[in-house]
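2 protein chains.
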Amino acid sequence: MKVNHHYFEIQDSYLFATVGKKTAEYKKAHPDKDVIRLSIGDVTRPLAPAVIEAMHRAVDDMSRKETFHGYGPDQTCYGYGALIESIKGSYAKKGVFLETEEVFISDGAKSDLGNILELFAEDTVALIPDPVYPAYVDANVMSGRKVIYQDANEGNGFLPMPDESVHADLIYLCSPNNPTGAAYSKEQLKAWVEYAKRHDAVILYDAAYEYFIRDESLARSIYQVEGAKECAVEICSYSKTAGFTGVRCGYTIVPQALVRDGHSLNKMWARRQSTKFNGVSYITQMGAAVVFSEEGEKQIGENLNYYRNNAKIIADCMDRLGIWYTGGKHSPYIWFKCPGGMDSWTFFDLLLENANVVGTPGSGFGKNGEGYFRLTAFGTEENTREACRRLEAFLSSMK
Amino acid sequence: MKVNHHYFEIQDSYLFATVGKKTAEYKKAHPDKDVIRLSIGDVTRPLAPAVIEAMHRAVDDMSRKETFHGYGPDQTCYGYGALIESIKGSYAKKGVFLETEEVFISDGAKSDLGNILELFAEDTVALIPDPVYPAYVDANVMSGRKVIYQDANEGNGFLPMPDESVHADLIYLCSPNNPTGAAYSKEQLKAWVEYAKRHDAVILYDAAYEYFIRDESLARSIYQVEGAKECAVEICSYSKTAGFTGVRCGYTIVPQALVRDGHSLNKMWARRQSTKFNGVSYITQMGAAVVFSEEGEKQIGENLNYYRNNAKIIADCMDRLGIWYTGGKHSPYIWFKCPGGMDSWTFFDLLLENANVVGTPGSGFGKNGEGYFRLTAFGTEENTREACRRLEAFLSSMK
Numbered sequence: 009m010k011v012n013h014h015y016f017e018i019q020d021s022y023l024f025a026t027v028g029k030k031t032a033e034y035k036k037a038h039p040d041k042d043v044i045r046l047s048i049g050d051v052t053r054p055l056a057p058a059v060i061e062a063m064h065r066a067v068d069d070m071s072r073k074e075t076f077h078g079y080g081p082d083q084t085c086y087g088y089g090a091l092i093e094s095i096k097g098s099y100a101k102k103g104v105f106l107e108t109e110e111v112f113i114s115d116g117a118k119s120d121l122g123n124i125l126e127l128f129a130e131d132t133v134a135l136i137p138d139p140v141y142p143a144y145v146d147a148n149v150m151s152g153r154k155v156i157y158q159d160a161n162e163g164n165g166f167l168p169m170p171d172e173s174v175h176a177d178l179i180y181l182c183s184p185n186n187p188t189g190a191a192y193s194k195e196q197l198k199a200w201v202e203y204a205k206r207h208d209a210v211i212l213y214d215a216a217y218e219y220f221i222r223d224e225s226l227a228r229s230i231y232q233v234e235g236a237k238e239c240a241v242e243i244c245s246y247s248k249t250a251g252f253t254g255v256r257c258g259y260t261i262v263p264q265a266l267v268r269d270g271h272s273l274n275k276m277w278a279r280r281q282s283t284k285f286n287g288v289s290y291i292t293q294m295g296a297a298v299v300f301s302e303e304g305e306k307q308i309g310e311n312l313n314y315y316r317n318n319a320k321i322i323a324d325c326m327d328r329l330g331i332w333y334t335g336g337k338h339s340p341y342i343w344f345k346c347p348g349g350m351d352s353w354t355f356f357d358l359l360l361e362n363a364n365v366v367g368t369p370g371s372g373f374g375k376n377g378e379g380y381f382r383l384t385a386f387g388t389e390e391n392t393r394e395a396c397r398r399l400e401a402f403l404s405s406m407k
Numbered sequence: 009m010k011v012n013h014h015y016f017e018i019q020d021s022y023l024f025a026t027v028g029k030k031t032a033e034y035k036k037a038h039p040d041k042d043v044i045r046l047s048i049g050d051v052t053r054p055l056a057p058a059v060i061e062a063m064h065r066a067v068d069d070m071s072r073k074e075t076f077h078g079y080g081p082d083q084t085c086y087g088y089g090a091l092i093e094s095i096k097g098s099y100a101k102k103g104v105f106l107e108t109e110e111v112f113i114s115d116g117a118k119s120d121l122g123n124i125l126e127l128f129a130e131d132t133v134a135l136i137p138d139p140v141y142p143a144y145v146d147a148n149v150m151s152g153r154k155v156i157y158q159d160a161n162e163g164n165g166f167l168p169m170p171d172e173s174v175h176a177d178l179i180y181l182c183s184p185n186n187p188t189g190a191a192y193s194k195e196q197l198k199a200w201v202e203y204a205k206r207h208d209a210v211i212l213y214d215a216a217y218e219y220f221i222r223d224e225s226l227a228r229s230i231y232q233v234e235g236a237k238e239c240a241v242e243i244c245s246y247s248k249t250a251g252f253t254g255v256r257c258g259y260t261i262v263p264q265a266l267v268r269d270g271h272s273l274n275k276m277w278a279r280r281q282s283t284k285f286n287g288v289s290y291i292t293q294m295g296a297a298v299v300f301s302e303e304g305e306k307q308i309g310e311n312l313n314y315y316r317n318n319a320k321i322i323a324d325c326m327d328r329l330g331i332w333y334t335g336g337k338h339s340p341y342i343w344f345k346c347p348g349g350m351d352s353w354t355f356f357d358l359l360l361e362n363a364n365v366v367g368t369p370g371s372g373f374g375k376n377g378e379g380y381f382r383l384t385a386f387g388t389e390e391n392t393r394e395a396c397r398r399l400e401a402f403l404s405s406m407k
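Okay, here's the thing in structure tokens:
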């Protein structure tokens with residue numbers, strides 16, 4: 009028998025493995041050094057008290073015959089009404105109005121971003137920004153799809169705009185972006201929506217970081233752009249919004265107005281999920297259902313502010329150093345230009361040795377990442393301040 | 009752009025929808041009647057106290073910075089050590105010894121049964137029993153795969169054996185079976201393992217109901233057959249074992265010895281899961297990790313015995329009526345021949361009208377299901393006894 013040979017066309021990424029290995033080696037050689045990791049893309053703050061309470065109640069529900077829950081509701085691909093309503097409410101505050109059938113509860117953005125490719129013919133072409141979250145590319149290559157890249161760089165502020173001369177069927181947009189932290193304005197997304205319509209394409213809009221946005225001119229949902237329901241799927245997650253990386257819950261919006269090749273993508277996705285998925289834990293869903301309540305939003309807001317403050321500490325440091333960067337304001341990521349025209353790995357090594365700070369080399373996210381570096385706001389405030397102090401001292405000493 | 013047209017080659021199944029609709033109509037027309045549903049394939053007993061306790065502890069862990077958990081461990085595709093070790097321990101009791109890297113934690117059997125098809129070339133041919141759990145067929149058709157069927161019928165006790173004249177690449181076996189409740193002996197599975205090896209095929213072994221087995225001659229894992237690690241993936245679930253249908257946790261075994269077309273399927277599956285999956289909730293994993301503890305097994309055993317007793321009540325009823333059936337002993341399902349050579353839907357209607365009992369027409373599971381009927385053991389004991397009393401009264405009146 010033959011296996012799927014497209015699996016072997018993926019470029020193995022050693023990015024995080026190499027970061028880990030180099031860090032471990034340095035620590036072994038210098039056990040006395042206090043190494044600060046600002047490389048992690050994972051949250052560190054505990055869950056909001058309202059979520060904890062709701063999950064305890066849900067666990068108790070599962071302990072009694074009368075309140076026990078088995079499979080979730082069939083009609084909504086296993087999503088509970090309370091959760092779907094809370095998501096619709098959160099969208100309504102952004103001026104976006106959704107039908108219940110348009111909201112699909114998922115176990116996270118990564119699963120849906122990969123699985124949704126099944127809905128499209130194999131000869132559809134994917135347009136993916138470079139630098140990029142590696143899973144977008146890998147999922148396409150594994151399914152045998154042709155991938156074309158759009159350059160994100162200093163010239164366009166790492167926010168590439170459509171090129172009419174290029175045709176694509178699937179367009180990946182992530183805003184605020186991972187890894188660059190750059191966020192599209194509503195005006196910029198309008199150009200993408202128009203491009204998608206002209207090319208009969210579908211935008212796969214990754215909005216995992218939208219809760220970091222506080223500027224009204226920036227888009228918190230692609231559906232804030234008129235006509236986007238006819239050309240975009242939006243993939244959201246509680247991971248960064250509410251610290252759910254270890255809890256696993258997200259939601260994907262597939263509008264009923266999204267029709268391609270004569271077929272409703274909403275109905276196709278419902279079919280996919282009811283055939284190959286059995287929904288998200290009742291306990292998880294009950295926890296997620298209070299995230300967008302008044303109390304929940306206040307509590308997750310405190311965690312988001314903690315990370316935002318860390319991001320500001322790093323951004324202020326870059327400002328003082330006169331280093332070019334994106335992100336930091338509406339994102340937990342700061343993406344900056346390596347000083348002195350250094351390449352990403354050279355800077356990684358120097359920073360580790362001289363400042364004992366670990367970040368992520370931009371070149372690991374694509375060719376346009378070469379010469380850039382990512383720091384994240386997910387550490388503690390104390391470590392973030394100390395890392396910035398060391399970074400400034402080190403770079404001053406280099407001058 | 010083109011969508012994936014294989015999605016429209018699926019036969020829409022109206023089985024459960026029609027059962028629901030007919031039941032609702034009957035209840036509306038006869039509001040005074042007490043209708044008993046023995047059609048459900050979902051558990052009804054609450055979770056074991058040990059699981060509830062472990063999940064409360066895990067929720068508390070998530071409330072404190074010091075014990076908070078983000079993404080699960082990378083090296084094991086996000087499965088926690090305690091859970092993987094407990095699964096290895098459960099296998100060891102069956103005489104099956106697994107490596108940590110061979111155990112993949114999933115959000116349920118259905119997801120993995122569908123997603124694992126990605127590992128195989130599109131022109132691989134799937135051999136699927138008829139009658140069958142509809143998701144096997146749908147997942148294959150949606151990916152454009154050719155499906156051939158093997159007849160399960162009264163002649164082979166609904167346990168089809170390999171036919172050397174037929175070639176297949178992927179072989180679906182489900183034992184104890186859904187919907188028929190029939191369970192393969194180790195001896196019978198040996199023939200399948202030999203067939204798979206001769207045909208360079210891979211067996212996808214769905215063991216979701218293995219905890220219902222209490223007869224040593226029946227297989228609780230395909231790996232109890234020598235050489236199976238070289239030709240089989242085993243898909244397991246806590247859903248029916250521990251009442252996790254609403255909690256979502258399972259495990260899939262992809263042995264390191266399983267190599268096809270020169271490639272390790274274990275490494276391919278690890279790649280698939282790390283690209284398109286982010287693991288199962290920490291809380292869920294901590295709950296699952298105590299299922300196979302001494303205390304956990306005692307408690308889930310009580311629930312399993314409750315269902316087993318219901319199954320026995322139905323099986324005894326069939327014995328008294330002299331009706332041919334499979335299942336009932338090592339399975340929560342009883343699959344019986346409709347009396348008087350009736351077709352499945354005629355019997356459904358008669359049973360609903362005359363005994364106010366709802367079951368599932370066998371014809372909904374495939375052509376070989378015509379003339380058969382499924383009842384499940386997941387109701388209450390009281391309802392199960394009453395349903396059997398009515399069934400006997402009704403069938404006696406027919407004679």
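Residue numbers (our numbering), protein chains in the order written: chain A, 9 to 407; chain B, 9 to 407. For every residue, glycine included, the Cβ atom is placed at its ideal position computed from N, Cα and C.
(message) My output table needs one value for B/C325: the three-state DSSP class, helix, strand or coil.
(response) Along the second sequence, read from residue 1 onward, the residue named residue 325 of chain B stands at position 317. For B/C325, the secondary structure class from DSSP, reduced to helix, strand or coil, is helix.
(message) Using 8 Å for Cβ pairs, my map puts A/N274 next to A/Q264. What's the rounded Cβ distance?
(response) For this step, residue 274 of chain A is matched to residue 266 along the first sequence. For this step, residue 264 of chain A is matched to residue 256 along the first sequence. About 5 Å separates the beta carbons of A/N274 and A/Q264, which is inside the 8 Å limit, making them a contact pair.
(request) Answer yes or no: the CB of B/S183 versus the heavy atoms of the ligand SAM, is any distance below 7 Å? (result) The ligand SAM is not part of this structure, which contains no ligands at all.
(request) Report all residues from its chain with a CB closer than 6 Å to the CB of A/D146; omit the five preceding and five following residues, and keep chain order. (result) Here the question's residue 146 of chain A lines up with position 138 in the first sequence. Correct list, in chain order: I18.
(message) Which of the three DSSP states is assigned to A/Y34 in this structure?
(response) Along the first sequence, one-based indexing puts residue 34 of chain A at 26. A/Y34 falls in the helix class under three-state DSSP.
(message) Relative to the C-alpha of A/C239, which candidate in A/G254, A/K10, A/E224, A/D208 has its C-alpha closest?
(response) One-based indexing of the first sequence puts residue 239 of chain A at position 231. Of A/G254, A/K10, A/E224, A/D208, the residue nearest in Cα terms is A/D208.
(message) Please classify A/I291 as buried or exposed, where buried requires at least 16 neighbouring CB atoms within 10 angstroms.
(response) Here residue 291 of chain A is taken as the residue at index 283 of the first sequence, counted from 1. A/I291 comes out buried.
(message) Check whether chain A comes within 8 Å of B/K41, counting only Cβ atoms and requiring the distance to be less than that.
(response) One-based indexing of the second sequence puts residue 41 of chain B at position 33. Output row for B/K41: interface = no.
(message) Suppose only complete runs of 4+ residues qualify. What are the alpha helix (DSSP H) ranges in the region 87-114 of chain A, listed by chain order?
(response) If one requires a minimum length of 4 residues, the alpha helix (DSSP H) runs lying completely within the region 87-114 of chain A are 89-101, in chain order.
(message) Can you look up A/W332 in the DSSP assignment and give me helix, strand or coil?
(response) Residue numbering aside, residue 332 of chain A sits at position 324 when the first sequence is read from its first letter. The answer is coil: DSSP assigns A/W332 none of H, G, I, E or B.
(message) For a quick check, are the C-beta atoms of A/S53 and A/N318 less than 8 Å apart?
(response) For the purposes of this step, residue 53 of chain A is identified with residue 45 of the first sequence, where counting begins at 1. For the purposes of this step, residue 318 of chain A is identified with residue 310 of the first sequence, where counting begins at 1. The question names Ser, yet the displayed sequence has Arg at residue 53 of chain A. Between A/R53 and A/N318, the gap from beta carbon to beta carbon reaches 8 Å or more.
(request) Check the C-beta distance from B/S352 over to B/E390 and give it rounded, since I have them as a contact under 8 Å. (result) Locating residue 352 of chain B in the second sequence gives position 344, counting from the first residue. Locating residue 390 of chain B in the second sequence gives position 382, counting from the first residue. About 27 Å separates the CB atoms of B/S352 and B/E390; that is not less than 8 Å, and the two are not in contact.
(request) Note down the Cα distance separating A/N164 from A/Y246, rounded to an integer number of angstroms. (result) Residue mapping note: residue 164 of chain A aligns to position 156 of the first sequence, counting from 1. Residue mapping note: residue 246 of chain A aligns to position 238 of the first sequence, counting from 1. Between A/N164 and A/Y246, the C-alpha separation is close to 29 Å.
(request) Taking B/S71 as the query, report the chain A residues whose CB atoms sit under 8 Å from its CB, ordered along the chain. (result) Translated into positions along the second sequence, residue 71 of chain B becomes position 63. The contacting residues are P54, L55, P57, I60.
(message) Given this structure, state the Cα-to-Cα distance separating A/N161 from B/A129, to the nearest angstrom.
(response) Stepping through the first sequence from its first residue, residue 161 of chain A is reached at position 153. Stepping through the second sequence from its first residue, residue 129 of chain B is reached at position 121. So the two alpha carbons sit approximately 38 Å from each other.
(request) Please list, in chain order, all residues of the same chain as B/H338 whose beta carbon is under 7 Å from its beta carbon, the five residues on each side excluded. (result) Taking the first residue of the second sequence as position 1, residue 338 of chain B is located at position 330. Cβ within range, chain order: P184, A191, F220, I221, R222, D223, L226.
(request) For my contact list, A/E110 and A/V262 are in at a C-beta cut-off of 8 Å; report their separation, rounded to the angstrom. (result) Reading the first sequence from its first residue, position 102 is the one you call residue 110 of chain A. Reading the first sequence from its first residue, position 254 is the one you call residue 262 of chain A. The distance from the Cβ of A/E110 to that of A/V262 is about 6 Å, consistent with a contact at the 8 Å cut-off.
(message) Just to make sure I have the definition right: I need the residues of chain A whose C-beta is within less than 8 Å of the C-beta of B/V255. Which are they?
(response) In the second sequence, the residue the question calls residue 255 of chain B occupies position 247. Under the 8 Å cutoff, chain A gives M70, S289, Y290, I291.
(request) Step through the CB atoms of chain D and report whether any lies within less than 8 Å of the CB of B/E126. (result) The displayed structure is made up of protein chains A and B, and chain D is not among them.
(message) What does the Cβ neighbour count give for B/N148, buried or exposed, with the cut at 16 atoms within 10 Å?
(response) Indexing the second sequence from 1 puts residue 148 of chain B at position 140. Classified as buried, B/N148 has 16 or more neighbouring CB atoms from the shown chains inside 10 Å of its CB.
(message) In this structure, how does DSSP classify B/A240 when only helix, strand and coil are distinguished?
(response) One-based indexing of the second sequence puts residue 240 of chain B at position 232. Look at B/A240 here: in three-state DSSP terms it is strand.
(request) Would you kindly work out how many angstroms separate the C-alpha atoms of A/K194 and A/T392, rounded to a whole number? (result) The residue you call residue 194 of chain A lines up with position 186 of the first sequence. The residue you call residue 392 of chain A lines up with position 384 of the first sequence. The alpha-carbon of A/K194 is positioned some 31 Å away from that of A/T392.
(message) Check whether the region 291-306 of chain B and the region 42-53 of chain A are in contact - that is, three or more C-beta pairs closer than 8 Å.
(response) No, the region 291-306 of chain B is not in contact with the region 42-53 of chain A.
(request) Determine the direct distance from the alpha carbon of A/A296 to that of A/L181, and round the result to whole angstroms. (result) Translated into positions along the first sequence, residue 181 of chain A becomes position 173. Translated into positions along the first sequence, residue 296 of chain A becomes position 288. Distance between the alpha carbons of A/L181 and A/A296 is about 25 Å.
(request) Give me the Cβ distance between B/S71 and A/V255, rounded to the nearest whole Å; I'm assuming they're in contact under 8 Å. (result) Along the second sequence, read from residue 1 onward, the residue named residue 71 of chain B stands at position 63. Along the first sequence, read from residue 1 onward, the residue named residue 255 of chain A stands at position 247. Contact flag wrong, Cβ pair sits at about 12 Å.
(message) Here's the rule: buried if 16 or more other CB atoms are within 10 angstroms of the residue's CB, otherwise exposed. What is B/W277?
(response) In the second sequence, residue 277 of chain B corresponds to position 269, counting from 1. It is buried - the Cβ of B/W277 has at least 16 other Cβ atoms within 10 Å.
(request) Verify the CB distance criterion: does B/M276 have a CB-CB separation below 8 Å to chain A? (result) Here residue 276 of chain B is taken as the residue at index 268 of the second sequence, counted from 1. With 8 Å as the cut-off, B/M276 counts as an interface residue toward chain A.
(request) Answer with yes or no whether the minimum CB distance from B/D115 to chain A is below 8 Å. (result) Reading the second sequence from its first residue, position 107 is the one you call residue 115 of chain B. Closer than 8 Å to some Cβ of chain A, the Cβ of B/D115 qualifies, so yes.
(request) Express the C-alpha separation of A/Y15 and B/R268 in angstroms, rounding to a whole number. (result) By 1-based counting over the second sequence, the position of residue 268 of chain B is 260. By 1-based counting over the first sequence, the position of residue 15 of chain A is 7. If I take the Cα positions, the gap works out to 14 Å.
(message) For B/D138, list the residues DSSP reports as bridge partners.
(response) Here residue 138 of chain B corresponds to residue number 130 of the second sequence, with the count starting at 1. The partner list for B/D138 (beta bridge, DSSP) reads B/D159.
(message) I'd like to know whether the C-beta of A/F285 is nearer than 8 Å to at least one C-beta of chain B.
(response) Residue mapping note: residue 285 of chain A aligns to position 277 of the first sequence, counting from 1. With 8 Å as the cut-off, A/F285 counts as an interface residue toward chain B.
(request) With a threshold of 16 other CB atoms inside 10 Å of the CB of B/F356, please say whether the residue is buried or exposed. (result) As a first step, residue 356 of chain B must be located in the second sequence, where it is residue number 348. When all chains shown are included, B/F356 counts as buried.
(request) Check B/R45 in the structure and name its three-state DSSP category. (result) Taking the first residue of the second sequence as 1, we reach residue 45 of chain B at position 37. B/R45 falls in the strand class under three-state DSSP.
(request) Measure the Cβ-Cβ separation of A/D115 and A/C257 and say whether it is below 8 Å. (result) In the first sequence, residue 115 of chain A corresponds to position 107, counting from 1. In the first sequence, residue 257 of chain A corresponds to position 249, counting from 1. It is a contact, given that the beta carbons lie within the stated cut-off.
(message) I want to verify the contact list: residues of chain B whose CB lies under 7 Å from the CB of A/Y15, in sequence order.
(response) Here residue 15 of chain A is taken as the residue at index 7 of the first sequence, counted from 1. M276, R279, listed in chain order.
(request) Label A/V104 either buried or exposed according to how many other C-beta atoms from any shown protein chain fall within 10 Å of its C-beta, with 16 as the threshold for buried. (result) Position 96 of the first sequence holds residue 104 of chain A. Buried, since its Cβ has 16 or more Cβ neighbours within 10 Å.
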